[in-house]
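Data block below; observations after.
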Amino acid sequence: MQILLTNDDGIFAPGLAAMERALRRLGDVFVVAPAREQSGVSHAITFLTPLTSKKVFVDDEHWGWAVEGSPADCVKLGVTQIMPRLPDLVVSGINGGLNAGINVLYSGTVAAAVEGAMYGVTSVAVSLEYEEKAPFPQAAELATDVIERILKQQGPEPQLYNLNIPLEATRVSRPTVKLVETDVSQYWESFEKRVDTFGRPYYWLSGRPDHRQPKPTSVNRETDIAALAKGHITLTPLDFDMTKRSQLAAMESWKLDPQTPEPETTPKKGKRGPSIRTSMKH
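Following the working numbering, the numbering of the sequence shown begins with 43 at its first residue and continues without gaps.
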């Protein structure tokens, strides 16, 4: 089995190294990861500048490739240029910090797995609850065990999965895996407004809830956020097809064809476009 391994924390992240060691028992691991941290870039790709990569060595042995790009770039380059053939598995992680709930939309870790699935390869995003000295080796062994079980039981069609591991699961002898939905409850984050040395305002995302955030809507089924809070490993099958088919069917009777506007005989004087004005206090 050939495995493409990437992440969004960068080529030198401890979670990536731990995952590489654990995955060796499943097959040959090709590490293709961002040269620097790319957290929160979602599915960004590089196309306005050249995409470069460098070989990374550990103890004088070639270990992987560092790419000056996003996690999605790494998968694209790994699949089409670096690996000798289409991989049998794409793994993204281990990310330092959970990628649960609405965070799957922002996550570079999840986006890399999505990119792998778009190539028709079973892909798994792996994340571990944040801690300064996180137990990545233990989490990597747990993740690899779950991935091995997935591969043995899933059907012939490639699938996309989001796997999250709470710290509690690395500290018990028999952790449990819960198959759950993604929690899509609304979450408003607050910004800290600060002032730089020139008196100009700037904003820093704090990660704390906005005080105006509505109360969460209760649901009757367990979601990834709730299951993680109980110490369970969570596994969620994902899909990159974002079509809302129920609404598509409801819109079949809508009249949406626009009318062709009459050509103008004399051009109208339009307003000037917007401009940006900057000021600097001295």
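A virtual CB, placed ideally from N, CA and C, is assigned to each residue, including glycine. Owing to the predicted nature of the structure, the values given are computational and were not obtained by experimental measurement.
{"query": "According to the neighbour-count rule (16 or more other Cβ atoms, all chains shown, within 10 Å of its Cβ), is PHE178 buried or exposed?", "result": "buried"}
{"query": "Just verifying my parser: in three-state terms, what is the DSSP assignment at ARG63?", "result": "helix"}
{"query": "Return the CA-CA distance between PHE89 and VAL168, expressed in angstroms with no decimal places.", "result": "27 Å"}
{"query": "Quick check on the DSSP output: what are the complete alpha helix (DSSP H) runs of length 4 or more inside the segment 252 to 313, in order along the chain?", "result": "266 to 271, 287 to 292"}
{"query": "Since ILE207 is in the beta strand (DSSP E), which residue starts that stretch and which ends it?", "result": "202 to 207"}
{"query": "Between which two residues does the alpha helix (DSSP H) carrying MET72 extend?", "result": "Looking at the sequence provided, one finds Phe at residue 72 rather than Met. Premise fails: PHE72 lies in the beta strand (DSSP E), 70 to 76, not in any alpha helix (DSSP H)."}
{"query": "Over the uninterrupted beta strand (DSSP E) stretch that includes LEU47, give me the two end residues.", "result": "44 to 48"}
{"query": "Determine, using beta carbons only, whether ALA269 and VAL222 come nearer to each other than 7 Å.", "result": "yes"}
{"query": "Can you round the beta-carbon distance between ILE53 and ALA108 to whole angstroms, since I take them to be within the 8 Å contact cut?", "result": "4 Å"}
{"query": "Can you name the start and end residues of the alpha helix (DSSP H) that GLU157 belongs to?", "result": "150 to 160"}
{"query": "Looking only at its chain, what residues have a beta carbon closer than 6 Å to the beta carbon of SER149, apart from the 5 residues adjacent to it on each side?", "result": "ASN141"}
{"query": "Based on the DSSP secondary-structure assignment, which residues constitute the bridge partners of ASN145?", "result": "Bridge partners of ASN145: none, in fact."}
{"query": "Based on the DSSP secondary-structure assignment, which residues constitute the bridge partners of PRO243?", "result": "VAL237"}
{"query": "For GLU210, I'd like the list of residues in its chain whose CB is within less than 7 Å of its CB, leaving aside the five on either flank, ordered along the chain.", "result": "GLY273"}
{"query": "How is the beta strand (DSSP E) around GLU183 delimited, first residue to last?", "result": "It is not in any beta strand (DSSP E) - GLU183 instead sits in the alpha helix (DSSP H) that spans 178 to 195."}
{"query": "By Cβ distance, which residues of its chain are closer than 7 Å to GLN201, with the 5 residues on each side in sequence left out?", "result": "THR164, PRO279"}
{"query": "The alpha helix (DSSP H) with ALA167 in it runs from where to where?", "result": "No alpha helix (DSSP H) contains ALA167, which is instead part of the beta strand (DSSP E) from 165 to 170."}
{"query": "Would you say VAL226 and LEU277 are within 7 Å of each other, going by their C-beta atoms?", "result": "no"}
{"query": "For a test of the three-state rule: what should DSSP assign to MET139, helix, strand or coil?", "result": "At residue 139 the sequence reads Gly, which differs from the Met that was named. Coil at GLY139, not helix or strand."}
{"query": "Can you find the residues in the same chain that come closer than 7 Å, C-beta to C-beta, to PHE99, ignoring five residues on each side of it along the sequence?", "result": "TRP105"}
{"query": "Nearest CA to the CA of LYS96: which residue from THR307, LEU193, GLY120?", "result": "GLY120"}
{"query": "Which of the three DSSP states is assigned to ALA108 in this structure?", "result": "strand"}
{"query": "Do ALA75 and LEU93 come within 7 Å of each other at the CB atom, strictly closer than that value?", "result": "no"}
{"query": "How close, in whole Å, do the beta carbons of TYR229 and GLY138 come, if the pair is a contact with beta carbons under 8 Å?", "result": "Going by Cβ atoms, the distance from TYR229 to GLY138 rounds to 20 Å, so no, they are not a contact pair."}
{"query": "Indicate whether LEU153 and SER84 have their beta-carbon atoms separated by less than 7 Å.", "result": "The question names Leu, but residue 153 is Ala in the sequence shown. Yes; because the gap between Cβ atoms is below 7 Å, this pair is in contact."}
{"query": "Tell me the DSSP bridge mates of PHE99?", "result": "HIS104"}
{"query": "Taking the Cβ atom as the reference point for each residue, do ALA158 and VAL132 lie within a distance shorter than 7 Å?", "result": "Looking at the sequence shown, residue 158 is not Ala but Gly. A contact, by the Cβ cut-off of 7 Å."}
{"query": "Who are the Cβ neighbours of GLU183 in its own chain at under 8 Å, not counting the five residues just before and after it?", "result": "ALA64"}
{"query": "Helix or strand or just coil, what does DSSP make of GLY52?", "result": "coil"}
{"query": "For GLU173, I'd like the list of residues in its chain whose CB is within less than 7 Å of its CB, leaving aside the five on either flank, ordered along the chain.", "result": "LEU209"}
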